[in-house]
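Report on the structure given below.
In the working numbering, the protein residues as written are 26 to 127.
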(Lines of atoms letter the chains of each structure in order from A and count residues from 1; the text may use other names and numbers.)
(Lines give C-alpha, C1' and ligand atoms only; values in the text may rest on other atoms or scores of the structure.)
Protein backbone atom coordinates (compact mmCIF):
# COMPACT_ATOMS: atom_id res chain seq x y z
CA UNK A 1 0.00 0.00 0.00
CA UNK A 2 1.35 3.43 -0.91
CA UNK A 3 -0.23 6.86 -0.73
CA UNK A 4 2.26 9.32 -2.21
CA UNK A 5 4.43 7.10 -4.41
CA UNK A 6 4.14 3.99 -6.56
CA UNK A 7 3.28 0.82 -4.65
CA UNK A 8 5.43 -2.28 -4.86
CA UNK A 9 3.92 -5.05 -6.92
CA UNK A 10 3.30 -8.23 -4.99
CA UNK A 11 4.84 -10.63 -7.54
CA UNK A 12 5.92 -13.27 -5.05
CA UNK A 13 2.45 -13.76 -3.58
CA UNK A 14 0.60 -13.76 -6.92
CA UNK A 15 2.83 -16.21 -8.82
CA UNK A 16 0.95 -19.37 -9.47
CA UNK A 17 2.37 -22.42 -7.84
CA UNK A 18 2.02 -25.41 -10.10
CA UNK A 19 1.62 -28.70 -8.31
CA UNK A 20 0.41 -31.51 -10.65
CA UNK A 21 -0.63 -33.85 -7.85
CA UNK A 22 -3.21 -31.50 -6.38
CA UNK A 23 -5.18 -30.43 -9.46
CA UNK A 24 -8.51 -31.16 -7.86
CA UNK A 25 -7.81 -29.50 -4.53
CA UNK A 26 -9.20 -26.15 -3.61
CA UNK A 27 -6.61 -23.45 -3.92
CA UNK A 28 -6.50 -20.45 -1.68
CA UNK A 29 -6.92 -17.13 -3.46
CA UNK A 30 -4.05 -14.71 -3.26
CA UNK A 31 -4.36 -11.95 -0.69
CA UNK A 32 -2.66 -9.41 -2.89
CA UNK A 33 -4.33 -7.39 -5.63
CA UNK A 34 -3.07 -4.49 -7.68
CA UNK A 35 -5.65 -1.72 -7.44
CA UNK A 36 -5.31 2.01 -7.85
CA UNK A 37 -7.75 4.65 -6.71
CA UNK A 38 -7.43 8.15 -8.12
CA UNK A 39 -9.37 11.05 -6.62
CA UNK A 40 -10.02 13.91 -9.00
CA UNK A 41 -10.47 17.33 -7.45
CA UNK A 42 -12.28 20.32 -8.80
CA UNK A 43 -10.43 23.40 -10.00
CA UNK A 44 -13.01 25.89 -8.76
CA UNK A 45 -11.01 27.22 -5.81
CA UNK A 46 -10.75 30.92 -5.13
CA UNK A 47 -7.22 32.19 -5.32
CA UNK A 48 -6.21 34.56 -2.54
CA UNK A 49 -5.06 37.97 -3.65
CA UNK A 50 -2.74 40.16 -1.63
CA UNK A 51 -3.94 43.66 -2.36
CA UNK A 52 -3.56 46.16 0.45
CA UNK A 53 -5.42 49.38 0.65
CA UNK A 54 -3.81 52.67 1.52
CA UNK A 55 -5.07 52.90 5.13
CA UNK A 56 -3.83 49.36 5.87
CA UNK A 57 -0.37 50.26 4.60
CA UNK A 58 -0.32 53.40 6.75
CA UNK A 59 -1.36 51.39 9.81
CA UNK A 60 1.35 48.76 9.21
CA UNK A 61 4.00 51.42 8.67
CA UNK A 62 3.01 53.26 11.85
CA UNK A 63 2.82 50.07 13.90
CA UNK A 64 6.25 48.92 12.72
CA UNK A 65 7.82 52.33 13.36
CA UNK A 66 6.45 52.60 16.91
CA UNK A 67 7.34 48.98 17.73
CA UNK A 68 10.96 49.42 16.60
CA UNK A 69 11.36 52.73 18.41
CA UNK A 70 9.78 51.34 21.58
CA UNK A 71 12.95 49.48 22.49
CA UNK A 72 15.48 52.15 21.53
CA UNK A 73 17.03 54.00 24.43
CA UNK A 74 17.27 57.77 24.74
CA UNK A 75 20.57 59.58 24.26
CA UNK A 76 20.32 61.32 27.64
CA UNK A 77 18.53 60.58 30.88
CA UNK A 78 15.73 63.11 30.87
CA UNK A 79 13.87 63.77 34.13
CA UNK A 80 10.71 65.65 33.14
CA UNK A 81 9.68 66.65 36.68
CA UNK A 82 13.06 68.00 37.85
CA UNK A 83 12.09 71.69 37.62
CA UNK A 84 8.61 71.33 39.16
CA UNK A 85 7.86 72.65 42.63
CA UNK A 86 6.21 70.34 45.15
CA UNK A 87 2.50 70.96 45.74
CA UNK A 88 1.42 73.28 48.52
CA UNK A 89 -0.13 71.43 51.45
CA UNK A 90 -2.63 73.72 53.17
CA UNK A 91 -3.38 71.31 56.03
CA UNK A 92 -1.40 68.76 57.97
CA UNK A 93 -2.88 65.46 56.72
CA UNK A 94 -1.31 63.39 59.48
CA UNK A 95 -3.08 65.40 62.16
CA UNK A 96 -6.26 65.71 60.09
CA UNK A 97 -6.64 61.95 59.61
CA UNK A 98 -4.86 61.04 62.86
CA UNK A 99 -2.25 58.89 61.12
CA UNK A 100 1.19 58.89 62.71
CA UNK A 101 4.41 56.99 62.06
CA UNK A 102 5.46 54.93 65.05
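Positions of the beta carbon are idealized from the N, C-alpha and C atoms, including for glycine.
Spatial neighbours of residue 89 within its chain, please: CB distance less than 7 angstroms, with the 5 preceding and 5 following residues excluded, ordered by chain position. Position 64 of the chain shown, counted from the start, is the residue given in the question as residue 89. Excluding sequence neighbours, residue 89 sits near nothing in its chain.
Going along the chain, which unbroken runs of the alpha helix (DSSP H) with 4 or more residues stay wholly within the stretch 69-117? Whole alpha helix (DSSP H) segments, 4+ residues: 79-95.
Please report how far the alpha carbon of residue 87 lies from the alpha carbon of residue 95, in whole angstroms. By one-based count along the chain shown, residue 87 stands at place 62. By one-based count along the chain shown, residue 95 stands at place 70. So the two alpha carbons sit approximately 12 angstroms from each other.
Inter-residue spacing [alpha-carbon to alpha-carbon] between residue 122 and residue 105: Your numbering for residue 122 matches position 97 in the chain shown. Your numbering for residue 105 matches position 80 in the chain shown. Each residue's Cα considered, the two are about 32 angstroms apart.
Helix, strand or coil for residue 124 per DSSP? Taking the chain shown and counting its residues from 1, one reaches residue 124 at position 99. Collapsing the DSSP output to three states places residue 124 in coil.
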